[in-house]
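What follows is a single structure, written as structure tokens, with notes after it.
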């Protein structure tokens, strides 16, 4: 039986107490190496759920266990440390550092992670990732000198460089045409398979769902667990 | 340490803003640092020089002018003292007296007439860098800066400056032989060229040298002959240089006691002698004895008042720079909010935002301070070369 990486129980979250919960999830279990897509219409709480599952937000009630750590019981500093060590993020708008080159953007998590080594091997790993993503020739350029697709690939390499257990992607194909969206998701899944990482991807593009073994549809009346 | 490159790259990417901040900090620090440093060195220079001479004696007149002329060799509108006063002071057992006549220039540097006692004053070492002290008429010893600026070395020569270019009745310039160069002292001595008192009289026109009067047989140059006495015309050509061959032809006309001096430096044997001398000399008509240290303190009091103005200006500059730094810090957090939120989401420790924004500001402020310090250092060096006061 595969080992559980992420386990959410009775997860509820509301931005204000007087409002209804944005997220109300009885149970979600994700095994190591599993690739899960979270879908649903805009405003249904997909991004909020991703942020809860990765410890950026703390649930109003219920709990999340990530790699054996109950996130709701951890301090903010400890949750951050867990995040930088275990999670690689691909953000909706790439969120690259505009003053750094592509290579330094890829290496950014290693600068933020106190225990991570930023040595020759790490730089080589970043180059290998860039090579695999087809952006090796752009490593010396800054984000404003890159195309949108190249920026996206840099963001994906950044999420993978510290070899996290979980890759959390928040609508990484939001503004792309279907063909390019497909290639980006392929790249993420391929790299994740190579390193054995788990993928959690938020999307509203139903065309991508067949690529995922598991789908959580937040648009259903009660998002209540695994919908494989 | 791993965040340092991020700080540097951000500052470099926004280098226009960084340069503005560095410039503001540098200017804000430069004004108070420079004014205080210059004032401190000015005060130190004035004080140390003033302390080298316990008493200065001169003709009645401005006390500041007397101190500036005798100790700092600055041109001053000053009545001269008669050499006879010095002669009497030199015989006084209560003090050692050194004559100073600083009325001329050579190569636009002060030409200071004194005696060899000037170089052996108690507590004021004046070692030679090369050569020897002057021993006869027409010989000169150059201060370190004067020698450097005019390219003077022992064995060289320099003409005294012509004081009245269109008055042919005035004594002509004299070619002085440089026989020694002093080591740097950091005082106004560095900028001076020293000669003996009789050389000053040569420049004043009280002494001159020419061929033996008895041997002059041109009638237009001889006004009268009476026995071995010969009265010569002003048209007789005088020597413009003192050499071993013609030194015997130089002579003084008139009484030495009436010849001018700028002042006399007095080194009393003890405090009691100083008090007695000061009181006695100030009681004599046509004389004043002053303590340079007291006069200099009055000058410094004025400098301190001037410094207060700079301090007030510095406060205004400091406040405006502080406001600019606060504005840049606030804008930094606001403009970088998305970036900092991304880093926080990725798991960066809470202090990362502070390190990135605060570290960059601190680095730029430190750079501005460093530039200000370097400019002060350069300015002090330049000022030191420009004026022996600094």
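Residue numbers (the working numbering), protein chains in the order written: chain A, 1 to 228; chain B, 229 to 618.
Note that CB positions come from ideal geometry on N, CA and C, so glycine has one too.
- Scanning the region 418-447 of chain B for uninterrupted alpha helix (DSSP H) segments of 4 residues or longer gives 425-432, listed from N- to C-terminal end.
- For residue 76/A, the enclosing alpha helix (DSSP H) has its first and last residue at 76-86.
- Judged by beta-carbon spacing, residue 509/B lies beyond the 8 Å limit of residue 329/B, meaning their Cβ atoms are not closer than that value.
- When only Cα atoms are considered, residue 468/B and residue 481/B end up about 17 Å apart.
- Around the Cβ of residue 105/A, a 10 Å sphere holds 16 or more other Cβ atoms; the residue is buried.
- Of the candidates 302/B, 376/B and 495/B, the residue whose Cα lies closest to the Cα of residue 325/B is 495/B.
- A contact between stretches requires three or more CB pairs, one per stretch, nearer than 8 Å, and the region 267-283 of chain B fails this requirement with the region 448-459 of chain B.
- Residue pairing by DSSP places residue 517/B opposite 285/B in a beta bridge.
- A buried status is given to residue 80/A, since no fewer than 16 other beta-carbon atoms sit within 10 Å of its beta-carbon.
- For residue 202/A, the nearest beta carbon of chain B is not closer than 8 Å to its own beta carbon.
- In the pairwise beta carbon analysis, the region 307-323 of chain B is classified as not touching the region 369-382 of chain B: fewer than three pairs are separated by under 8 Å.
- In the DSSP assignment, residue 55/A falls outside any beta strand (DSSP E), carrying neither H nor E.
- The continuous beta strand (DSSP E) containing residue 404/B extends over residues 403-410.
- Looking at the DSSP output, residue 327/B shares a beta bridge with 492/B.
- Neighbours of residue 87/A across chain B, judged by C-beta separation under 9 Å: 574 and 575.
- With the criterion set as a beta carbon lying under 9 Å from some beta carbon of chain A, the members of the region 230-241 of chain B are 230, 231, 233, 234, 237, 238, 239, 240 and 241, in sequence order.
- Taking 8 Å as the upper bound for CB-CB distance, residue 122/A and residue 191/A are not in contact here, some 16 Å apart.
- Ranked by Cα distance from residue 90/A, the first of 108/A, 217/A and 76/A is 108/A.
- When only Cα atoms are considered, residue 486/B and residue 415/B end up about 31 Å apart.
- Using a Cβ-Cβ distance cut-off of 8 Å, the region 147-161 of chain A and the region 60-71 of chain A are not in contact, since fewer than three pairs of beta carbons, one from each stretch, lie closer than that value.
- Rounded to whole angstroms, residue 598/B and residue 254/B show a C-alpha spacing of 8 Å.
- Residue 454/B: member of the beta strand (DSSP E) spanning 450-454, first to last residue.
- Residue contact check for residue 567/B against chain A: a CB pair falls below 8 Å.
- In the structure shown, residue 242/B falls within a coil segment according to DSSP collapsed to helix, strand and coil.
- Chain-ordered, the chain B residues with CB closer than 7 Å to the CB of residue 109/A read 574.
- Leaving aside the five residues that flank residue 18/A on each side, none in its chain has a CB nearer than 7 Å to its CB.
- At a C-beta separation below 7 Å, residue 562/B has no neighbours in chain A, since its nearest C-beta there lies roughly 16 Å away.
- Close partners of residue 112/A in chain B (Cβ separation under 7 Å): 571, 574, 575, 576 and 580.
- By the neighbour-count criterion, in which a residue is buried when 16 or more other Cβ atoms sit within 10 angstroms of its Cβ, residue 535/B is buried.
- Distance between residue 350/B and residue 497/B, taken at the CA atoms: about 10 Å.
- Under the DSSP definition of a beta bridge, residue 30/A partners with 6/A.
- Between residue 383/B and the set 390/B, 403/B and 389/B, the nearest pair of CA atoms involves 403/B.
- For residue 302/B, no beta strand (DSSP E) segment is defined, and its DSSP state is neither H nor E.
- Taking a C-beta distance under 8 Å as the contact criterion, residue 96/A and residue 155/A qualify as a contact pair.
- Using a Cβ-Cβ cut-off of 8 Å, residue 100/A counts as an interface residue toward chain B, since at least one Cβ of chain B sits closer than that to its own.
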